[in-house]
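Remarks on the structure that follows.
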Amino acid sequence: MAKQVTFKIKRYSPSEDKSWVQEYTIDLRPGMTVLEALWNIVRHVDGSLSFRYSCRGAVCGSCAMVINQAITLACHTQVAMLGTDVIEIEPLPRMKVLKDLVVDIEAFLDKYKSIDPHLKNTLPHERELLQTRDSRAQINDAVKCILCTSCHAACPLTAVDDTYLGPAVLTAAQRFAFDDRNENRDEILKKVNDTEGALGCRTVSRCTEVCPKGIEPSIRIKEIKAQIKKHANEGKL
Amino acid sequence: MQHDLLIVGSGLSGMRAAIEARQRGVECAVLSMVYPIRSHSVAAQGGINAALNNATDKSNEDSWEQHAFDTVKGSDFLADQDAVCVLTEQAIPRVYEMESWGTPFSRLASGRICQRPFGGGAHARTCYAEDRTGHNLLHTLFQQCLALDIPFYQEWYALDLVIEDNRCAGLVAMNMLDGKVAAIGAKAIILAAGGAGRVFAQSTNALINSGSGIAMAYQAGIPLKDMEFIQFHPTTLYGTNILITEGARGEGGYLFNNKGERFMAEYAASAMELAPRDIVARSIVTEIKAGRGFENAYVHLDLTHLGAERITERLPGIHEIALRFAGVDITREPMPVQPGQHYTMGGIDCDATCKTDVAGVYACGECSCVSVHGANRLGGNSLLETLVFGKIAGDSAADFLGTGPTLSGQALLNQRSKDREASLVRRFSTRGDVTVGQVYDDLRTAMFQNVGVYREAESLQLACDHIRKLKRQYTQVGLTSQTREFNLELITALELEGMLDLAQTIAEGALRRQESRGSHARNDYQTRDDENWLHHTLATPGEDGPVFGKKDVDLSRWEPQERKY
Ligand SMILES: Cc1cc2nc3c(=O)[nH]c(=O)nc-3n(C[C@H](O)[C@H](O)[C@H](O)COP(=O)(O)OP(=O)(O)OC[C@H]3O[C@@H](n4cnc5c(N)ncnc54)[C@H](O)[C@@H]3O)c2cc1C
Ligand code: FES
Numbered sequence: 001m002a003k004q005v006t007f008k009i010k011r012y013s014p015s016e017d018k019s020w021v022q023e024y025t026i027d028l029r030p031g032m033t034v035l036e037a038l039w040n041i042v043r044h045v046d047g048s049l050s051f052r053y054s055c056r057g058a059v060c061g062s063c064a065m066v067i068n069q070a071i072t073l074a075c076h077t078q079v080a081m082l083g084t085d086v087i088e089i090e091p092l093p094r095m096k097v098l099k100d101l102v103v104d105i106e107a108f109l110d111k112y113k114s115i116d117p118h119l120k121n122t123l124p125h126e127r128e129l130l131q132t133r134d135s136r137a138q139i140n141d142a143v144k145c146i147l148c149t150s151c152h153a154a155c156p157l158t159a160v161d162d163t164y165l166g167p168a169v170l171t172a173a174q175r176f177a178f179d180d181r182n183e184n185r186d187e188i189l190k191k192v193n194d195t196e197g198a199l200g201c202r203t204v205s206r207c208t209e210v211c212p213k214g215i216e217p218s219i220r221i222k223e224i225k226a227q228i229k230k231h232a233n234e235g236k237l
Numbered sequence: 001m002q003h004d005l006l007i008v009g010s011g012l013s014g015m016r017a018a019i020e021a022r023q024r025g026v027e028c029a030v031l032s033m034v035y036p037i038r039s040h041s042v043a044a045q046g047g048i049n050a051a052l053n054n055a056t057d058k059s060n061e062d063s064w065e066q067h068a069f070d071t072v073k074g075s076d077f078l079a080d081q082d083a084v085c086v087l088t089e090q091a092i093p094r095v096y097e098m099e100s101w102g103t104p105f106s107r108l109a110s111g112r113i114c115q116r117p118f119g120g121g122a123h124a125r126t127c128y129a130e131d132r133t134g135h136n137l138l139h140t141l142f143q144q145c146l147a148l149d150i151p152f153y154q155e156w157y158a159l160d161l162v163i164e165d166n167r168c169a170g171l172v173a174m175n176m177l178d179g180k181v182a183a184i185g186a187k188a189i190i191l192a193a194g195g196a197g198r199v200f201a202q203s204t205n206a207l208i209n210s211g212s213g214i215a216m217a218y219q220a221g222i223p224l225k226d227m228e229f230i231q232f233h234p235t236t237l238y239g240t241n242i243l244i245t246e247g248a249r250g251e252g253g254y255l256f257n258n259k260g261e262r263f264m265a266e267y268a269a270s271a272m273e274l275a276p277r278d279i280v281a282r283s284i285v286t287e288i289k290a291g292r293g294f295e296n297a298y299v300h301l302d303l304t305h306l307g308a309e310r311i312t313e314r315l316p317g318i319h320e321i322a323l324r325f326a327g328v329d330i331t332r333e334p335m336p337v338q339p340g341q342h343y344t345m346g347g348i349d350c351d352a353t354c355k356t357d358v359a360g361v362y363a364c365g366e367c368s369c370v371s372v373h374g375a376n377r378l379g380g381n382s383l384l385e386t387l388v389f390g391k392i393a394g395d396s397a398a399d400f401l402g403t404g405p406t407l408s409g410q411a412l413l414n415q416r417s418k419d420r421e422a423s424l425v426r427r428f429s430t431r432g433d434v435t436v437g438q439v440y441d442d443l444r445t446a447m448f449q450n451v452g453v454y455r456e457a458e459s460l461q462l463a464c465d466h467i468r469k470l471k472r473q474y475t476q477v478g479l480t481s482q483t484r485e486f487n488l489e490l491i492t493a494l495e496l497e498g499m500l501d502l503a504q505t506i507a508e509g510a511l512r513r514q515e516s517r518g519s520h521a522r523n524d525y526q527t528r529d530d531e532n533w534l535h536h537t538l539a540t541p542g543e544d545g546p547v548f549g550k551k552d553v554d555l556s557r558w559e560p561q562e563r564k565y
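Taken in order, these protein sequences are the chains called A and B. Just so you know, we're using my numbering here: the first sequence kicks off at 1 and counts up by one. Just so you know, we're using my numbering here: the second sequence kicks off at 1 and counts up by one.
Here is the structure:
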């Protein structure tokens, strides 16, 4: 007989404004991920359970949630590796829950938009801009970000200060502030040169602990701070 | 709710179309069942083709014409050659444009974009960003869309394309969060809703790739083209079928059977591991069937001889995937791979300007069939297709809107929206003993087993009969849930309805086509038959399943020849 596992899932119904914990017991398949288990529940046990999903390969950023008290991606977490027969699942903390494990990311995306995250380049687009490997390497980590909001939810500062941009948005700022092709590098730095931005970070580094892509946002924020200082010394800011 | 232009799908093709339309001053919005950056395009790994000549030397220069020929040959001569020339000539400006918009590509020492060889290509012409090319391109387009303030309907599921008097009227869609149905009037619609990979078990595709956009067009009466051509990627990770990019072989990876032989020598002596996908996939299946696989299910893809440094520099994503999902460290040991469904060559019938037969309705990206891939797509050509034809679709829609069409068919649109609502209510009250999940699993398994890498009349007939049975069963399917809010069981049920239709066009199309061409390999008709089958298949919905027709292939540049590597 297949081994069984029990999922204790924190649920929320917006129409009834009610939350509760529901238990489901399912058969474990070798290699089964938490995302697969959740689908198993929807398709064969209880169709009303909601969560986000898309790529199932840890690249689209849909499925961040809390699994046995740890923030992670459901699609790259194997059930058997968790080492418990009872698995507790909750939505990301500190974000408004819309339904079960689905949280509101609009406020997060508004912050992302607020730093104007795009490359400005007024040169003709008919040829490529050259970029050295060194320069590309400076943004290697930040461009890996999948905007899964794990770090945003984990950061103790975003929890207490609504105006703080948070680690993911600041990581995007690092990406555009260090891309030597971007004509808007200085503007981006100016946008995050206050306590709502990079200066607000206290380097608690919860972001770095939870990032599923190993981006180390706290280090990216340090790089921004150093750049701001450098520019200030050069009288550019 | 109404728009001049509504775009369904926010992958690369949808967002590229939106940017073009917006830059031409068109009022437009994008509707998508996921946030843009969650679209399947984000998962593309290996790269995008363009004859930039960044990695070739003067004596051996690449050209868009060579790229076009490789594509036509790769397609087993079923691609339309005029459209292929558009694809490969426009490749160069489209890639430069993405770079100019900020896509972080990997860089050569010269500072130029890195390029690597891909299967079926005569040169190193696949531009890449490590093995995260799709991610880097998609985030770039998302950022450009934000800069242009393009409005998105996020987490809205498109249900019906409404057409009156052969003109676009609008779309019926459901807001997934509250489950409410709405009518959205539109003078023009661009369908950019991606492929149908999930019709098959063992697919590399995202879970949302059910082909719902293709099915929606079909149900509205727009013909589908060449649906029988399904690409099976040779190397997907055993267990989860997550893609292992062709770039892994492009970087020099070897395939081994259980005897330790590089078996590709038997099948494509000169191209070896870099023969086109259909050929490598069939070779692997043949090896496994002959007992030379491992656990009767997979072969080994070995990269260890490349060295840890090169692997972690060029293929960091693959390194991570193998470790996370299969517990294999590819710098030390080979990884287990098997073929899996990968790409939908067929799709919504349209021409090289992305026009369908319906005024105001356009299609681009994987859901469309222009056709630039014919019977087999070359790796690196579909990311390219999304950008080239995304732009063209945006342009065509802008041209059409420039002629001053008015919003039409709104009474019908509202009626269809009410019909949909009523059908959802009925669905919630059906009390069948079959669950959505059962039919869903059953269909996908049957398709992979019987309409897979190798096909023959017997198995195809079995599949066709089985799909008909499942369609009957589907009418009795009930839902276990009663809520409308973010109801995934309901979404699956809606997807499944379309998947059953598409499965029928695929399986019956494959049964009809009595030849082997590209990805369509028949055991009972092993050779290509240009005399009888050098044409596209068209499928339109009839009373009792699809009705088939045909369409000419554009052969204006090259004579069909034997395809050898
Ligand atoms: C793992 C993997 C790797 C790949 N690697 C490469 C590569 O290296 N090079 C290459 O050239 N190609 C590659 N491909 C193929 C390529 O990625 C796809 O063909 C391409 O990204 C498709 O883009 P698209 O814009 O057409 O569709 P998608 O990116 O799939 O987007 C479809 C959009 O439609 C929306 N949608 C779908 N149905 C509905 C509905 N009913 N209602 C509302 N919205 C809907 C979705 O939300 C999504 O936004 C790869 C494919 C896979 C599976
Ligand atoms: S489903 Fe895409 S990150 Fe998990």
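Yeah, the Cβ is synthetic: ideal placement off N, Cα and C, and Gly gets one too. Note that the structure is predicted; figures quoted are calculated from it, not measured.
Under 7 Å between C-beta atoms of I71/A and S19/A: Residue numbering aside, residue 71/A sits at position 71 when the first sequence is read from its first letter. Residue numbering aside, residue 19/A sits at position 19 when the first sequence is read from its first letter. At least 7 Å separates the beta-carbon of I71/A from that of S19/A.
Proximity test, K39/B beta-carbon vs ligand 1 heavy atom, cut-off 6 Å: What you label residue 39/B is simply residue 39 of the second sequence in a count that begins at 1. Residue 39/B is actually Ser in this sequence, not Lys. S39/B Cβ: within cutoff of ligand 1.
Ligand 2 heavy atom lying under 6 Å from the CB of C211/A: One-based indexing of the first sequence puts residue 211/A at position 211. Incorrect: C211/A has no Cβ contact closer than 6 Å to ligand 2.
Complete alpha helix (DSSP H) runs within the region 272 to 344 of chain B (minimum length 4 residues, chain order): 277 to 289, 308 to 314 and 316 to 326
Y53/A CB to nearest heavy atom of ligand 2 below 6 Å: The residue labelled residue 53/A in the question sits at position 53 within the first sequence. Under cutoff, so the answer is yes.
Collapsed DSSP secondary structure at N53/B in the structure displayed: On the second sequence, position 53 is the one that residue 53/B refers to. Taken through DSSP and simplified to helix, strand or coil, N53/B comes out as coil.
Nearest to G293/B (by Cα), restricted to the options K180/B, P339/B and R528/B: To locate residue 293/B, count along the second sequence from 1; it is residue 293. Taking only the C-alpha atoms, the option nearest G293/B is P339/B.
Proximal residues to M32/A (C-beta, below 6 Å), its chain only, five neighbours per side dropped: By 1-based counting over the first sequence, the position of residue 32/A is 32. Excluding sequence neighbours, M32/A sits near V79.
Cutoff 6 Å; reference Q90/B; Cβ partners in own chain excluding five residues on either side: Taking the second sequence and counting its residues from 1, one reaches residue 90/B at position 90. Correct list, in chain order: V388.
Same chain, Cβ closer than 7 Å to L470/B, five either side skipped, listed in chain order: The residue you call residue 470/B lines up with position 470 of the second sequence. Contacts found: V439, D442, L443 and L500.
Cutoff 7 Å: V172/B Cβ touching any chain A Cβ: Taking the first residue of the second sequence as 1, we reach residue 172/B at position 172. No, no contact with chain A.
Run of the alpha helix (DSSP H) containing C85/B, from where it starts to where it stops: Within the second sequence, the letter at position 85 stands for residue 85/B. Taken as a continuous stretch (DSSP letters only), the alpha helix (DSSP H) holding C85/B covers Q81 to S100.
When E228/B, T71/B and Y254/B are compared against A463/B, the one with the closest alpha-carbon: The count along the second sequence starts at 1 and reaches residue 463/B at position 463. Closest option to A463/B, Cα to Cα, is E228/B.
Residues sharing a beta bridge with F77/B, DSSP: Position 77 of the second sequence, counted from the start, is the residue given in the question as residue 77/B. For F77/B, which the question treats as bridged, DSSP gives no partner whatsoever.
Own chain residues within Cβ distance below 8 Å of I320/B, not counting five before or after: Here residue 320/B corresponds to residue number 320 of the second sequence, with the count starting at 1. Note that residue 320/B is Glu in the sequence shown, not Ile. Taken in chain order, the list of residues that qualify is empty.
Touching by the beta-carbon criterion (3+ pairs, under 8 Å), the region 105 to 117 of chain B and the region 128 to 143 of chain A: yes
Length of the line joining the Cα atoms of G549/B and P234/B: Counting from one through the second sequence, the residue named residue 549/B turns up at place 549. Counting from one through the second sequence, the residue named residue 234/B turns up at place 234. Approximately 31 Å between the Cα atoms of the pair.
Beta strand (DSSP E) runs contained entirely in the region 196 to 252 of chain B, provided each spans 3 or more residues: 230 to 237
Stretch-stretch touch, CB-based, cutoff 8 Å, three pairs: the region 161 to 173 of chain B with the region 115 to 126 of chain B: Contact between the region 161 to 173 of chain B and the region 115 to 126 of chain B is absent: fewer than 3 CB-CB pairs across the two stretches fall below 8 Å.
Burial state of R324/B, where buried means 16 or more other Cβ atoms lie within 10 Å: Translated into positions along the second sequence, residue 324/B becomes position 324. Counting Cβ neighbours within 10 Å, R324/B comes out buried, since at least 16 surround it.
Cβ of E485/B within 7 Å of any chain A Cβ: What you label residue 485/B is simply residue 485 of the second sequence in a count that begins at 1. Yes - at least one Cβ of chain A is within 7 Å of the one on E485/B.
Collapsed DSSP secondary structure at S10/B in the structure displayed: Here residue 10/B is taken as the residue at index 10 of the second sequence, counted from 1. S10/B falls in the coil class under three-state DSSP.
Assigned exposure category for W156/B - 16 Cβ within 10 Å defines buried: For the purposes of this step, residue 156/B is identified with residue 156 of the second sequence, where counting begins at 1. So W156/B counts as buried.
The region 144 to 162 of chain A in contact with the region 204 to 212 of chain A per 3-pair CB rule at 8 Å: yes
Ligand 1 heavy atom lying under 6 Å from the CB of E187/A: Here residue 187/A refers to the residue found at position 187 when the first sequence is read from its first residue. Flag unset: Cβ of E187/A not near ligand 1.
Any chain B beta carbon closer than 7 Å to N121/A: Stepping through the first sequence from its first residue, residue 121/A is reached at position 121. Yes, N121/A lies at the interface with chain B (some Cβ there is under 7 Å from its Cβ).
Residues near Q227/A by beta carbon distance below 7 Å, same chain, minus five either side: Here residue 227/A corresponds to residue number 227 of the first sequence, with the count starting at 1. These residues qualify, in order along the chain: A177 and L189.
Residues near T353/B by beta carbon distance below 7 Å, same chain, minus five either side: Residue mapping note: residue 353/B aligns to position 353 of the second sequence, counting from 1. Take T353/B, set aside five residues on each side of it, and the residues of its chain with a beta-carbon closer than 7 Å to its own are I392 and S396, in chain order.
Own chain partners of F51/A with C-beta closer than 6 Å, once the 5 adjacent residues on each side are dropped: Against the first sequence, residue 51/A aligns to sequence position 51. Within the same chain, F51/A has close Cβ partners L38 and L101.
Through-space distance from G47/B to E456/B, alpha-carbon basis: Counting from 1 along the second sequence, the entry for residue 456/B is found at position 456. Counting from 1 along the second sequence, the entry for residue 47/B is found at position 47. Roughly 34 Å separates the two Cα atoms.
heavy atom of ligand 2 below 6 Å from G61/A C-beta: Taking the first sequence and counting its residues from 1, the one referred to as residue 61/A is at position 61. Result yes, Cβ under 6 Å from ligand 2.
Distance CB(Q143/B)-CB(P93/A) smaller than 7 Å: Taking the first residue of the second sequence as position 1, residue 143/B is located at position 143. Taking the first residue of the first sequence as position 1, residue 93/A is located at position 93. In this structure, P93/A does not lie closer than 7 Å to Q143/B by Cβ.
is_contact[G83/A, chain B] using C-beta, thresh 7 Å: Reading the first sequence from its first residue, position 83 is the one you call residue 83/A. It does not; no Cβ of chain B falls within 7 Å.
Pair within 7 Å by beta-carbon distance, A183/B and N414/B: By 1-based counting over the second sequence, the position of residue 183/B is 183. By 1-based counting over the second sequence, the position of residue 414/B is 414. Cβ distance < 7 Å, so A183/B and N414/B count as in contact.
7 Å CB neighbourhood of R420/B in its chain, flanking five on each side removed: In the second sequence, counting from the first residue as 1, residue 420/B sits at position 420. Excluding positions up to five away in sequence, the list reads L159, D160, V172 and V181.
Reduced DSSP secondary structure (H/G/I, E/B, other) of S519/B: Numbered from 1 along the second sequence, position 519 holds the residue referred to as residue 519/B. If DSSP states are grouped into helix, strand and coil, S519/B belongs with coil.
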